[in-house]
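What follows is a short report on a single structure.
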Amino acid sequence: MVQITINGKQIEVPEGTTVLRAAEMAGIHIPKLCDHKELTPYGGCRLCIVEVQGVRVPMASCTLPVNNGMVVNTETEALKKSRKFVLSMLFSERNHFCPFCQVSGGDCELQNAAYDEEMTHWPIQPGWNNFVVDTSHPYFVLDNNRCILCRRCVRACAEMAGNFTLSVAERGAKSMIVADTDVPLGESTCIKCGSCVQVCPTGAIIDRTAAYQMHDKDLTEVKSICNGCSVGCSIKLMVRDNRIIRIEGDWDGSVNRGVLCETGRYNAANETRKRVTTPMIKKSGKLEPVSWEEALKAVSTKLSPLASDKDGIAAIASTRLSAETLTAFKDLFSRNQLVTSLEEGMPSASVMKFAEKQGAFEGKLEVLRTADTVMCIGANVGTTHMVAGFMFKRNMPKGTRVINIDPQEDALDDVASLSLKNKPGSDLALILGLQAIIVKEGLERRPMSIADVDARIDEAVRVTGISIDKLTQVARMLANSITPVILYGKGITGQRNESLVEELYKLAVLVGAVDSERA
Ligand code: SF4
Ligand code: SF4
Ligand code: SF4
Ligand code: FES
839 MVQITINGKQ IEVPEGTTVL RAAEMAGIHI PKLCDHKELT PYGGCRLCIV
889 EVQGVRVPMA SCTLPVNNGM VVNTETEALK KSRKFVLSML FSERNHFCPF
939 CQVSGGDCEL QNAAYDEEMT HWPIQPGWNN FVVDTSHPYF VLDNNRCILC
989 RRCVRACAEM AGNFTLSVAE RGAKSMIVAD TDVPLGESTC IKCGSCVQVC
1039 PTGAIIDRTA AYQMHDKDLT EVKSICNGCS VGCSIKLMVR DNRIIRIEGD
1089 WDGSVNRGVL CETGRYNAAN ETRKRVTTPM IKKSGKLEPV SWEEALKAVS
1139 TKLSPLASDK DGIAAIASTR LSAETLTAFK DLFSRNQLVT SLEEGMPSAS
1189 VMKFAEKQGA FEGKLEVLRT ADTVMCIGAN VGTTHMVAGF MFKRNMPKGT
1239 RVINIDPQED ALDDVASLSL KNKPGSDLAL ILGLQAIIVK EGLERRPMSI
1289 ADVDARIDEA VRVTGISIDK LTQVARMLAN SITPVILYGK GITGQRNESL
1339 VEELYKLAVL VGAVDSERA
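Counting the sequence shown from 1 gives a position; this note's numbering is that position plus 838.
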């Protein structure tokens, strides 16, 4: 721990903490713009400057690590003057005519900072670079005229979504946020996660649907969980008059830490169909709203005569329902013996059977954040469970390797270190082949005996259609990793083959992807 004094207050913080975070921990406010708690410090706006005893010039507190015995001041007259100057420069650089801006009046961090610093006017005449407003994206508008070049959006795109679409083009006053090689956002590699919208501190990136529909202070915030997939991201519904205005990722959500995918952020908010709020019964060929009493009576009248007929009722429930609802559903149809057999959800049945034998064996999503190699097999994670994909995609520039094995096309194919298209139905042979290569090369972390290693490898090459070189590459990548993770999905579980899950588990044991800490 490190001792530091801020504004006369002594505090103790972990080594490596920045002065800005240390101040926040102590409840001391330092104005800031480019800093964001979920993003790597950048130090671009200079609004967070502080005075450090013994240092000649003010320092940006968001990039300054604490030192033992450091004495910091955040509220001197000189600092206030400098902050006003920083804000004047930011305002003068672009078009900040607040009355015409969507976020003006409480939702703009730049305007709020100006009020806090008691700015009354622009002391510097604005420059008039005229940037083209990019309206090509279906969900948001990018207006570089209101950009302060804080790069939060660029960092969010890379560090949260792992997508690296946004960057800064040009130099100096002409600097602007662009997508890919300066193509319209709507034609870019953007995957519509909306992370850039959520972090932008000004009116430079605005949500098309939510724009001009009230300030945040007038919206009710309702915390919930996205039911778009099994990742279960925490969301905040911003609601007005019982209507969703927009959806934000919950920064406090332990699973997603603020990031969402297109489904979670935009689907519900852009839903145009009317919500059915009462039960309906078809009367004279037309659906009519009825009371719950009438609806339940109608259902029971229809179902009761069929209760004694074992083939009389087929009951189907969506896997998107809550566990409680599915349990009640199962109780209704099995305990009351309205139906005699229940078909478990197809994808999960083989996993459940293996888990009954093996005990809990799957790891937590959290391990994806620290994995150095991720092998996705039949997971389609770049399309169906995007936020899980973000957790490791974002680490690829730091060396994380991604292997995607799937006969189907997946968004992950474009970025994976290795993408293998095995023949449909050949996953078992592929997994057995990988085990055999690892054993043959002596790379296994736990002993495993395989009767005829070479025959197994030949079989894998023949059945999968993947060359021995590629299979060996995958086996070595996995086996030589320190923190490997194997991610499987419906492509595996949907085959309803328990031994497929079991052999995948054995492969995970072989390469050290299953141990007491990471399981
Ligand atoms: S981005 Fe903020 S400061 Fe700029 S015009 Fe909009 S409200 Fe005003
Ligand atoms: S929506 Fe997501 S992927 Fe698209 S530019 Fe913004 S952060 Fe990047
Ligand atoms: S678009 Fe917004 S988040 Fe991106 S650099 Fe400009 S002001 Fe910052
Ligand atoms: S918040 Fe520190 S430089 Fe921008």
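In this text, a Cβ means the ideal position worked out from N, Cα and C, and glycines have one as well.
Residue i CB to nearest heavy atom of ligand 4 below 7 Å
i	result
Ala898	yes
Lys922	no
Cys883	yes
Lys870	yes
Cys1071	no
Cys946	no
Cys886	yes
Asp873	yes
Residue i - DSSP class collapsed to helix/strand/coil
i	result
Tyr1326	strand
Cys1034	helix
Ser1354	Residue placement at Ser1354 cannot be trusted, given a pLDDT of 45 that sits under 50; what the coordinates show is reported in the next sentence. Note: Ser1354 maps to coil in three-state DSSP.
Ser1138	helix
Ile1063	strand
Val971	coil
Met957	coil
Met1052	coil
Thr914	coil
Glu862	helix
Val840	strand
Ser1257	strand
Asp1079	coil
Val890	strand
Leu980	strand
Val1021	strand
Lys1231	helix
Pro937	helix
Gln949	helix
Ala1298	helix
Asn1105	helix
Val800	The question about residue 800 has no answer here: the residues shown for the chain are numbered 839 through 1357.
Nearest residue (CA-CA) to residue i, options the options
i	options	result
Leu1272	Gln1246, Glu1247, Ala1217, Ile1304	Ile1304
Cys1038	Gly1070, Gln940, Trp966, Pro1022	Gln940
Phe969	Cys946, Asp945, Asn933	Asn933
Ala1152	Lys1168, Gly1000, Glu1162	Lys1168
Asp1251	Ile1276, Ala1217, Val1277, Leu1159	Ala1217
Gly1096	Cys988, Met1213, Glu876, Val851	Glu876
Ile1154	Ser1142, Pro1143, Ser1172	Ser1172
Asn950	Leu885, Thr1116, Leu917	Leu885
Thr1222	Ala1209, Gln1246, Glu1204	Gln1246
Ile1044	Ala1007, Leu1159, Phe978	Phe978
Ile1275	Ser926, Gln1311, Lys1259	Gln1311
Ser1062	Cys1028, Leu1098, Thr1047	Leu1098
Ala861	Thr878, Cys872, Gln841	Gln841
Val1219	Ile1015, Lys1328, Asp954	Lys1328
Met1315	Val1349, Ser1337, Leu1342	Val1349
Leu1093	Asp1079, Phe938, Ser1072, Val924	Position check: residue 1093 holds Val in this sequence, whereas Leu was assumed. With distances taken between Cα atoms, Val1093 lies closest to Ser1072.
Pro964	Arg1113, Tyr953, Glu931, Asp954	Glu931
Val857	Phe923, Ala898, Glu955	Ala898
Gly865	Thr1163, Ala1298, Val851, Thr878	Val851
Residue burial classification, residue i (beta-carbon count within 10 angstroms, cutoff 16)
i	result
Ser1354	Confidence at Ser1354 is low in this model, with a pLDDT of 45, below 50, so its placement is unreliable and the value that follows should be read with caution. It counts as exposed.
Tyr1104	buried
Thr1238	buried
Met839	exposed
Ile1320	exposed
Leu1268	buried
Asp1088	buried
Arg1111	exposed
Arg984	buried
Met1052	exposed
Ala1289	exposed
Met1118	exposed
Leu1159	exposed
Val1352	buried
Cβ-heavy atom distance, residue i to ligand 3, below 7 Å
i	result
Thr878	no
Ala828	Because the chain is modelled from 839 through 1357, residue 828 falls outside the range shown and cannot be assessed.
Val1037	yes
Cys985	yes
Arg990	yes
Ile1269	no
Ile849	no
Ile1015	yes
Exercise answer, beta-carbon shell around ligand 2 heavy atoms below 6 Å
Ala994, Cys995, Ala999, Asn1001, Thr1003, Leu1004, Cys1028, Ile1029, Lys1030, Cys1031, Gly1032, Ser1033, Cys1034
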